[in-house]
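Notes follow once the structure below has been shown.
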Amino acid sequence: MQEIPRSFSYQSKNAMRTDKIVFDRTDFELMEPSRIRSDGASRNRVLSKRRRITSDGDYISLVESDDEGEASVVQTLYVVPNTRGQMTWQSSMPAYTTKPDTKGSALVLRYVEDVDSDTKLTKLHTMVMRSPFLKDAVRRLFENYPGEPSALMEEPKYAPLFRRFFHQWAKLQHIYGHTTASDSARAGQLAAVFGVLEEEIGGSSMQDIKNRARNGEVTFDSIWAMFPPGCPVIRGQGSSQHLYLVDDGGYFKDGEGRRFFQLKLKDIDHDGSVFGWRKSSNIVTGFDGTMGIDQLPAVPVNLHRDADAIEKAATVRGTRVAELTSEAVAYRSHEGFADTHSMGQRYLSGRVVIDSRSYVQQTASRKRFEKETGAISTSPGRLQALLPKPPNQQKNDSSLEGHTFLSVRDNYNLHPVLSVGEYNLRETVDTPEDRVGSQLLD
């Protein structure tokens, strides 16, 4: 066996993760902390017994020998804070590596020290759903919520600010009301969740946002409450007002540390062959005090004063576009204003050729649709046809089995903020063509 060099390097990214040792250009993986003996023995005595073959066919073992006088290769130390506010290293496993026993708990609340508050010692870190009923309840609650990963989690957990719960508040109340009437024991579990959410996002905070929205105003920090993901909004001015769906929104900082709110929207467009989703971004820079909701780059349909007229005009316009794009090349007579790339808006009178495929191919700004959504193979239907529909109910042993939940449309109409508007989304899918369109997002 070739001689083992004395020099070696040892690195560890985190004391709670797999360590790696580089020894004579040979990688060895050590045992993960989760496999360490529970008696608290130093990890330098429980190294993984994995071996690597050397160049001459022999084995090198990293297991520490118990023979007296034989040195170990690696010693593992754990960091703990001391009374002076500094860090001390110790060989025994500290208490923070022990997982607390939460068996039998339906809901687990994890708190951390609140260093930013003069009145509160702790603040909520995460809320973990442990019982099968709560897991099923939140999965059904967010089954149509864009980008919600809780359905894939073994134990769904949520952290403040709980904005997704705010946007699904009406549906959560609906589920709670149904559970209270059918299963009082499980209703107690949801009541515990409501208690946490009321303290974090309910009460006066929710009421203040509603009152300002009722007066047509919004603060910078509450813009997020105006735009639940998936809700229809109106963007534009005058005769150029169009309908979009909210894709996402969030607060960010620019290179100089100034805050702004980014609102991401998506609308239906045509790329010369098919209809598909086109995404766009809108920025609201930070401001003090309040701003009129009608000054935002987009206004929720529920809060727009002329929503009914704009929706009807958009429906007529969209139907016309769908009709024209269904023809390979359409020839029509036109008398009125037209937008041109070279001369701006001008008055035209005569015959025009409508060739969407050639137009897209010849313009520099060729339309590209989002890959994750793909193309929409049907003509765009009415506004309601674009809202996601609840999936088929899955059978299980929960008290929620077979229950018809609040529709997406009704959840927006009963939304804590959108509900203060004078306009309600209506069921408009009433023709075979519209019913085809209603499957766009299924």
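No gaps in the numbering here: position 75 of the sequence shown is 75 in full-length UniProt numbering, and each next residue is one more.
From the three backbone atoms N, C-alpha and C, an ideal C-beta is built for every residue, glycine too.
query = Given a threshold of 16 other Cβ atoms within 10 Å of its Cβ, counted over all protein chains shown, does residue 380 qualify as buried or as exposed?
reply = One-based indexing of the sequence shown puts residue 380 at position 380. The predicted model places residue 380 with a pLDDT of 43, which falls under 50 and marks its position as unreliable; any figure quoted below should be read in that light. Burial call: buried.
Alpha helix (DSSP H) runs contained entirely in the stretch 94 to 171, provided each spans 4 or more residues = 132 to 141 and 163 to 167
inquiry  = With distance defined between alpha-carbon atoms, name the residue in 77, 217, 412 and 246 nearest to residue 235.
reply    = Position 235 of the sequence shown holds residue 235. The residue with the shortest Cα to Cα distance from residue 235 is 246.
ask   = When you compare each of 169, 150 and 283 to residue 203 by their alpha carbons, which one comes out closest?
value = Counting from 1 along the sequence shown, the entry for residue 203 is found at position 203. When only C-alpha atoms are compared, the closest one is 169.
inquiry  = Using only CA atoms, which one of 127, 214 and 112 lies nearest to residue 419?
reply    = Here residue 419 corresponds to residue number 419 of the sequence shown, with the count starting at 1. Checking every option, the nearest Cα to that of residue 419 belongs to 214.
query = Do you know how far the Cα of residue 413 is from the Cα of residue 424?
reply = Here the question's residue 424 lines up with position 424 in the sequence shown. Here the question's residue 413 lines up with position 413 in the sequence shown. Rounded to whole angstroms, residue 424 to residue 413 spans 6 Å at the Cα level.
ask   = Are residue 251 and residue 266 touching if we call contact CB-CB under 8 Å?
value = As a position in the sequence shown, residue 251 is number 251, starting the count at 1. As a position in the sequence shown, residue 266 is number 266, starting the count at 1. The answer is no: Cβ separation not under 8 Å.
inquiry  = Suppose contacts are defined by Cβ-Cβ distances below 8 Å. Is residue 107 in contact with residue 124 by that definition?
reply    = Reading the sequence shown from its first residue, position 107 is the one you call residue 107. Reading the sequence shown from its first residue, position 124 is the one you call residue 124. No. Outside cutoff.
ask   = Who are the near neighbours of residue 176 in its chain, counting only those whose CB is closer than 8 Å to its CB and skipping five residues on each side?
value = Here residue 176 refers to the residue found at position 176 when the sequence shown is read from its first residue. Excluding residues within five positions, the ones whose Cβ falls inside 8 Å are 187, 190, 191 and 194.
Beta-carbon gap between residue 270 and residue 228 smaller than 8 Å = In the sequence shown, the residue the question calls residue 270 occupies position 270. In the sequence shown, the residue the question calls residue 228 occupies position 228. In this structure, residue 228 does not lie closer than 8 Å to residue 270 by Cβ.
ask   = So the beta strand (DSSP E) residue 269 belongs to, where does it begin and stop?
value = Taking the sequence shown and counting its residues from 1, the one referred to as residue 269 is at position 269. Where residue 269 is concerned, the enclosing beta strand (DSSP E) stretches over 259 to 270.
message = So for residue 87, helix, strand or coil by DSSP?
response = Numbered from 1 along the sequence shown, position 87 holds the residue referred to as residue 87. In the three-state reduction of the DSSP assignment, residue 87 falls in the strand class, which pools E and B.
key: residue 212 versus residue 218 - alpha carbon distance   = In the sequence shown, the residue the question calls residue 212 occupies position 212. In the sequence shown, the residue the question calls residue 218 occupies position 218. Whole-angstrom Cα-Cα distance: 6 Å.
message = Tell me which residues share the same chain as residue 297 and place their Cβ nearer than 7 Å to its Cβ, disregarding the 5 neighbours each side in the sequence.
response = Reading the sequence shown from its first residue, position 297 is the one you call residue 297. Result list for residue 297: 235, 263, 282 and 284, in chain order.
Buried/exposed call for residue 134, threshold 16 Cβ in 10 Å = Counted from its first residue, the sequence shown places residue 134 at position 134. The residue in question, residue 134, is buried, as its Cβ has 16 or more Cβ neighbours within 10 Å.
task = Taking all protein chains shown into account, decide if residue 87 is buried (16 or more other Cβ within 10 angstroms of its Cβ) or exposed.
result = Locating residue 87 in the sequence shown gives position 87, where the first residue counts as 1. By the neighbour-count rule (16 or more Cβ atoms within 10 Å), residue 87 is not buried but exposed.
message = Can you tell me whether residue 104 is buried or exposed? The criterion is at least 16 other CB atoms within 10 Å of its CB, across all chains shown.
response = Numbered from its first residue, the sequence shown carries residue 104 at position 104. Exposed, by the Cβ-count rule.
task = For my contact list, residue 417 and residue 226 are in at a C-beta cut-off of 8 Å; report their separation, rounded to the angstrom.
result = In the sequence shown, residue 417 corresponds to position 417, counting from 1. In the sequence shown, residue 226 corresponds to position 226, counting from 1. Residue 417 to residue 226, Cβ: 6 Å. Contact.
task = Answer yes or no: do residue 142 and residue 150 have a C-beta to C-beta separation smaller than 8 Å?
result = Sequence index remark: in the sequence shown, residue 142 carries index 142 (1-based). Sequence index remark: in the sequence shown, residue 150 carries index 150 (1-based). In this structure, residue 150 lies closer than 8 Å to residue 142 by Cβ.
ask   = Based on the DSSP secondary-structure assignment, which residues constitute the bridge partners of residue 338?
value = Working through the sequence shown from its first residue, we reach residue 338 at position 338. Residue 338 is bridged to 346.
key: Buried versus exposed call for residue 182 [16 or more other C-beta atoms within 10 Å across all chains shown]   = If you number the sequence shown from 1, residue 182 lands on position 182. Looking at its Cβ environment, which holds fewer than 16 other Cβ atoms inside 10 Å, residue 182 is exposed.
ask   = Among 154, 165 and 152, which one has its Cα closest to the Cα of residue 411?
value = Residue mapping note: residue 411 aligns to position 411 of the sequence shown, counting from 1. Here the closest residue by C-alpha is 165.
key: Supposed contact pair residue 112 and residue 122 - C-beta distance, whole angstroms, cut 8 Å   = Along the sequence shown, read from residue 1 onward, the residue named residue 122 stands at position 122. Along the sequence shown, read from residue 1 onward, the residue named residue 112 stands at position 112. Residue 122 to residue 112, Cβ: 7 Å. Contact.
request  = Within the stretch 276 to 347, note down every full beta strand (DSSP E) run reaching 3 residues or more, in order along the chain.
outcome  = 290 to 292 and 330 to 340
ask   = residue 421: buried (16+ other C-beta within 10 angstroms of its C-beta) or exposed?
value = For the purposes of this step, residue 421 is taken as residue 421 along the sequence shown, with counting starting at 1. It is buried - the Cβ of residue 421 has at least 16 other Cβ atoms within 10 Å.
ask   = Under three-state DSSP, which class holds residue 405?
value = Here residue 405 refers to the residue found at position 405 when the sequence shown is read from its first residue. It is coil, neither helix nor strand.
inquiry  = Given 7 Å as the limit, tell me if residue 202 has its C-beta closer than that to any heavy atom belonging to the ligand NAP.
reply    = Only the bare structure without any ligand can be found here, which leaves the ligand NAP out of the picture.
task = Give me the Cα-Cα distance between residue 350 and residue 335, rounded to the nearest whole angstrom.
result = To locate residue 350, count along the sequence shown from 1; it is residue 350. To locate residue 335, count along the sequence shown from 1; it is residue 335. Straight through space, the alpha carbons of residue 335 and residue 350 are spaced by roughly 6 Å.
task = Take the Cβ of residue 82 as the centre, count every other Cβ of all protein chains shown within 10 Å, and call the residue buried at 16 or more, exposed below.
result = Walking along the sequence shown from the start, residue 82 turns up at place 82. In summary, residue 82 is exposed, with fewer than 16 beta-carbon neighbours lying within 10 Å of its beta-carbon over all protein chains present.
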